[in-house]
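Worksheet: one structure, shown below.
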Amino acid sequence: MESKTQRKVSFRGSEDFLEIELKEPVTHAAGYLGVREALKHTFKEMGVLRSMRTLLSMNQKDGFDCPSCAWPDPEHPSPVSEYCENGAKALGDEATTSHIGADFFQKNSVEELSQLTDFQLNKFGRLVEPMVLKPGSVHYEPISWDESFELIASELKKLNNPDEAIFYTSGRSSNEAAFLYGMFARALGTNNLPDCSNMCHESSGVALGETLGIGKGSTTLEDLYEAEVILIAGQNPGTNHPRMLSALEKCKQNGGRVISINPLEESGLVNFKNPQNIKGWIGGGEDMADIHLPVNINQDIPLIKLILKKLAVLDKEHKNVFDHDFIQKYTNGYDALISDLDTYSSEELLKLTGVPEDKIDETVALLANKSKIIVCWAMGLTQHKNGVENIREFVNLLLLKGAIGKPNAGTCPVRGHSNVQGDRSVGIQHFVDKEMNERIKKYLGFTPPDHEGVDVVGSMKAMYEGKAKIFMCLGGNFVMAASDTEYTAKGIQKCDLTVQISTKLNRTHLITGKTALILPTIGRSEKDMKNGMPRHFTVENSMGRVKKSKGILKPASDTIMSEPEIIANIGHAFFGENHAMNWKSLGDDYELIRTQIDQVAKGFNKTKERSEGAGYYLPNNVRDLDFSMLPNGKAQISINKLPLHELAKDEYMLMTIRSHDQFNTTIYGLDDRYRGVYNARRVIFMNSNDMKAVGLKKLDIVDITSTYDTTVRVAHNFKVVPYNIPSGNLASYFPETNVLVPYNHFADRSKTPISKSIKVRLVKK
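Residue numbers (my numbering): 1 to 765.
Here it is as structure tokens:
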């Protein structure tokens, strides 16, 4: 890069220590304290009356979908509080009355802003006018919408090959925006469509596709209510999906049992105080996890193998532990699995797990007599080298128990962002779907590319190697979300143009290509008006239901534009009037987009009518016990190897986690009250015996290093916090520790980063 375009920006921000305070972890989730914190945040950002009015419309049938997680809404939502603390924080964050525009960027250079923390950047407020950062400049300046679209079109036309452009999508976007975005990339001639699912649940999609024929879960929300056993593996509902706790509460009240499988015992799975009933305010709440299995990081496969071995012994004795009728009729691979289990020593498996055997025996005794079993999971299973195999092993358990394709049983991957599953359903994918390509030709009138594009890992590499010239983001904070932060930042800086379609300022607006655009867009909670008429979006929740979402607030500015309209204008600027797709009309009328979605995207049908109210479920072959797309027309029982971690004597296994005051890379505050940490994020949780063994004391400062392929990566200045975590294991917040995750180490087949099992060392300062 020419020196005149090299801006001196920081990819990590300030590392100054604040006055950290440690308290005992909170032993229950939600309750009065959760309500208080939710309202405190929204009142501060939005004002009291505006907050209350908007919260009453969130997740309602005639309102808007929460901009936070993808947990589904019940058939009959609470009329007053169908939201959680983190959903309320997400709303306050999006609908804040703090705004920034030309004056702000004139006063603050990107170099100065980059020295701030991610928390500080987010607090500046909503972006309210399009801005451009020109080559050699360190200040964004205003640009008109038309000039923005022409600049993008001009740069795209300069490319030698369409594959020099990359189009990233976050899970925040609507079905309409994602569909139009994906079709624009394909009309341009590329399948370079990485998305945030590449970094989170791609392992789930691959594993479920291989074993059950669809890359989505099979359960509905109502299935959880009457389940006999719910296993929650590698997931922290209290922080990441708080509304899930209401479903678990109903399960417990109906006699169901909950098993938590996680290195950390998280507050939400200890006790839940539901603020929707009196017991949640003045009572003791509902104890959640009946059994907690504190498994070592990424030793879930040995744990499930040991459980299966013990169940197999009981099955030989009693003949009714496994569902042999189901196994024979619907599955392949049972005999091979039993033979493979015999090759493992129970003692060695037990040692790998780190879990007391009496806890495992208690789990086996519970599972032996049950068939209505649901497995829920999140990043704790997916973000490992063997992430795909982790999920396949849990699927084995469900298949052997016949807990698939019937009410109150099945798979439940819990998605992070509110429409990440919908993005994939409408075509945000880097791989080629020949059937979808045929429908594009038939209904949209152009021929899409038939070669695979790049995913997130591929896009990072392409930018770093100078093979990508344009990088566009439909939402998200790519620099901080992706692995190997410094590598990612250097790659983005090699681009000629970077484009961010955003609501709030983040670090990816500061780590840019030679030219950078900020295109401000409306939020979920805001009205989308065209010619005086309201428009609405559709989204898909974590369980495959499509419903409409309609904001109620006045937009942050008259100069911001909706995502579909932004994309349509880019399409019009590039293709003009004579393209097969009428881009201008699509940006004006979302019903035209929904008609095309129905024609092109698998399973969508009559979306205009069926997305009203509670919405409609997309087809799901597992619910119908249809495995015709798989070998021999049956679900696949799989053989999965044990994870291989060769740790040196001074190495630990580190997993990245969220604090209670964040959502993905968005930092709402600096407190993690569920874990007892206040006013700090640069902390590392460590077993107290491990601390003693190496002479570390509470709040000692350490650097964390990881070494892969001879490259040493460093996360500087973390304070050590003693915590109840298995020996040899560590935990620390992302995105601060993403710098330690090597870009070229990821899950087999899914390429999901190994963010939950990083080999690290600690260096005392």
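Cβ coordinates follow ideal geometry from the N, Cα and C atoms, glycine included. Everything numeric in this text was worked out from a predicted model, so none of it was measured.
Closest Cα partner of residue i within the set the options
| i | options | result |
| --- | --- | --- |
| Thr488 | Leu49, Gly213, Ile701 and Asn744 | Asn744 |
| Asn262 | Gly213, Met379, Ile143 and Gly695 | Met379 |
| Tyr668 | Arg675, Arg681, Glu540 and Ala516 | Arg681 |
| Val48 | Thr97, Ser10, Cys84 and Pro72 | Thr97 |
| Phe718 | Tyr733, Pro77 and Glu75 | Tyr733 |
| Gly182 | Phe431, Val26, Asp73 and Asp361 | Phe431 |
| Thr639 | Val388, Val739 and Val694 | Checking the sequence, you will find Ile at residue 639 rather than Thr. Out of Val388, Val739 and Val694, Val388 has the C-alpha closest to the C-alpha of Ile639. |
| Ser525 | Lys608, Ser549, Ala516 and Glu249 | Ser549 |
| Leu519 | Thr54, His41, Arg53 and Ile100 | Ile100 |
| Leu245 | Leu269, Asn582, Leu399 and Leu231 | Leu269 |
| Val295 | Lys305, Asn254, Leu127 and Leu352 | Leu352 |
| Glu791 | Asp496, Ser345 and Gln106 | There is no way to answer for residue 791, as the model of the chain reaches only from 1 to 765. |
| Phe537 | Gly491, Cys66 and Pro643 | Cys66 |
| Thr363 | Lys641, His292 and Asp300 | His292 |
| Val720 | Leu670, Lys8 and Ile20 | Ile20 |
| Thr42 | Trp71, Ser10 and Gly87 | Gly87 |
| Ala289 | Thr521, Ala312, Leu553 and Ile230 | Ile230 |
| Tyr344 | Val479, Met629, Met561 and Leu642 | Leu642 |
| Glu94 | Ile360, Ser137 and Thr54 | Thr54 |
| Tyr168 | Val714, Asn198 and Asn59 | Asn198 |
| Ala90 | Asn679, Val539, Phe663 and Met529 | Phe663 |
| Thr498 | Glu164, Ala102 and Asn59 | Glu164 |
| Phe685 | Thr707, Ile725 and Leu349 | Ile725 |
| Val456 | Thr485, His139 and Pro448 | Thr485 |
| Glu591 | Asp700, Glu609 and Asn738 | Glu609 |
| Asp709 | Val741, Val694, Val683 and Ile701 | Val741 |
| Trp583 | Glu37, Arg172 and Glu176 | Glu176 |
| Gln328 | Asp223, Asn632, His572 and Ser68 | Asn632 |
| Met529 | Asn541, Gly551 and Gly544 | Gly551 |
| Lys494 | Gly523, Arg243 and Ala462 | Ala462 |
| Arg415 | Ser170, Pro407, Gly354 and Asn541 | Asn541 |
| Gly238 | Leu116, Met480 and Glu286 | Glu286 |
| Asn108 | Lys756, Val9, Ser174 and Thr27 | Val9 |
Residue(s) in a DSSP beta bridge with residue i
| i | result |
| --- | --- |
| Asp703 | Val763 |
| Ala481 | In DSSP, Ala481 forms no bridge with anything. |
| Phe149 | Bridge partners of Phe149: none, in fact. |
| Asn729 | Met653 |
| Met58 | Phe64 |
| Pro753 | Phe746 |
| His292 | Ser260 |
| Lys719 | Val683 and Ile701 |
| Val677 | Leu22 and Asp672 |
Distance between beta carbons of residue j and residue i, contact taken as under 8 Å
| i | j | result |
| --- | --- | --- |
| Ser114 | Leu618 | Their Cβ separation, rounded to whole angstroms, is 42 Å, which puts Ser114 and Leu618 out of contact at 8 Å. |
| Glu202 | Thr711 | With 8 Å as the limit, Glu202 and Thr711 do not qualify as a contact, their Cβ atoms being about 24 Å apart. |
| Gly189 | Glu228 | So it is not a contact: roughly 52 Å between Cβ atoms. |
| Asn240 | Val454 | Wrong, their Cβ atoms sit about 28 Å apart, outside the cutoff. |
| Ala233 | Leu381 | 6 Å |
| Leu474 | Glu563 | 7 Å |
| Lys252 | Val258 | 7 Å |
| Ser346 | Lys401 | With 8 Å as the limit, Ser346 and Lys401 do not qualify as a contact, their Cβ atoms being about 20 Å apart. |
| Gln636 | Asn332 | 6 Å |
| Asp496 | Thr512 | Not a contact, Cβ separation roughly 11 Å. |
| Glu85 | Asp73 | That pair is no contact at about 17 Å. |
| Gly92 | Met58 | Incorrect: roughly 11 Å between the Cβ atoms, too far for contact. |
| His28 | Ser267 | 6 Å |
| Val426 | Ala715 | Not really, about 37 Å apart at Cβ, beyond 8 Å. |
Min CB distance residue i to chain C below 8 Å
| i | result |
| --- | --- |
| Gly87 | As a matter of chain content, chain C is missing from the structure shown, which is built from one protein chain. |
Residue i: CB within 7 Å of a non-hydrogen atom of the ligand ZN
| i | result |
| --- | --- |
| His139 | You won't find the ligand ZN in this model; it holds no ligand whatsoever. |
Check: Taking one C-beta from the stretch 120–140 and one from the stretch 492–511 each time, how about it: are there three or more such pairs within less than 8 Å?
Finding: Yes, they touch.
Item checked: Touching by the beta-carbon criterion (3+ pairs, under 8 Å), the stretch 393–400 and the stretch 567–578 -> Too few Cβ pairs lie closer than 8 Å, so no.
Next item on the list: Taking 8 Å as the threshold, find out whether the stretch 131–139 comes into contact with the stretch 159–179 through three or more Cβ pairs.
Entry: Segments in contact, no.
Note to self: Suppose only complete runs of 4+ residues qualify. What are the alpha helix (DSSP H) ranges in the stretch 405–464, listed by chain order?
What the structure shows: Runs of the alpha helix (DSSP H) inside the stretch 405–464: 420–425, 434–444 and 456–464.
Item checked: Segments assigned alpha helix (DSSP H), at least 4 residues, entirely inside the stretch 330–377 -> Counting whole runs of 4 or more residues, the stretch 330–377 contains the alpha helix (DSSP H) stretches 334–341, 346–353 and 357–368.
Check: Should the stretch 371–386 be regarded as contacting the stretch 724–738, the criterion being three or more beta carbon pairs within less than 8 Å?
Finding: The stretch 371–386 makes no contact with the stretch 724–738: fewer than 3 CB pairs, one atom from each, lie closer than 8 Å.
Check: Can you list, in chain order, the stretches of the beta strand (DSSP E) that have 3 or more residues and sit fully within the stretch 484–533?
Finding: Correct list: 497–502, 515–520 and 528–530.
Next item on the list: Return the chain-ordered ranges of every alpha helix (DSSP H) run that is complete within the stretch 102–163 and spans a minimum of 4 residues.
Entry: Listed in chain order, the complete alpha helix (DSSP H) runs (minimum 4 residues) inside the stretch 102–163 are 102–107, 110–113, 118–122 and 145–157.
Item checked: Inter-stretch contact at 8 Å, needing at least 3 Cβ pairs: the stretch 569–587 / the stretch 642–658 -> Taking one beta carbon from each stretch, the stretch 569–587 and the stretch 642–658 have fewer than 3 pairs nearer than 8 Å; the two do not touch.
Notebook entry, point to check: Taking one C-beta from the stretch 308–321 and one from the stretch 618–630 each time, how about it: are there three or more such pairs within less than 8 Å?
Noted result: The answer is no - the stretch 618–630 does not touch the stretch 308–321, with fewer than three Cβ pairs under 8 Å.
Margin query: As an exercise, report each continuous alpha helix (DSSP H) stretch of at least 4 residues that is fully enclosed by the stretch 551–604, in chain order.
Written below: You should have 563–575, 583–588 and 590–600.
Next item on the list: Determine contact between the stretch 434–442 and the stretch 588–608, defined as no fewer than three beta-carbon pairs at a distance below 8 Å.
Entry: Look at the beta carbons and you see the stretch 434–442 touching the stretch 588–608: at least three pairs across the two are nearer than 8 Å.
Check: Should the stretch 420–428 be regarded as contacting the stretch 674–688, the criterion being three or more beta carbon pairs within less than 8 Å?
Finding: Under the Cβ criterion (8 Å, minimum of three pairs), the stretch 420–428 does not count as touching the stretch 674–688.
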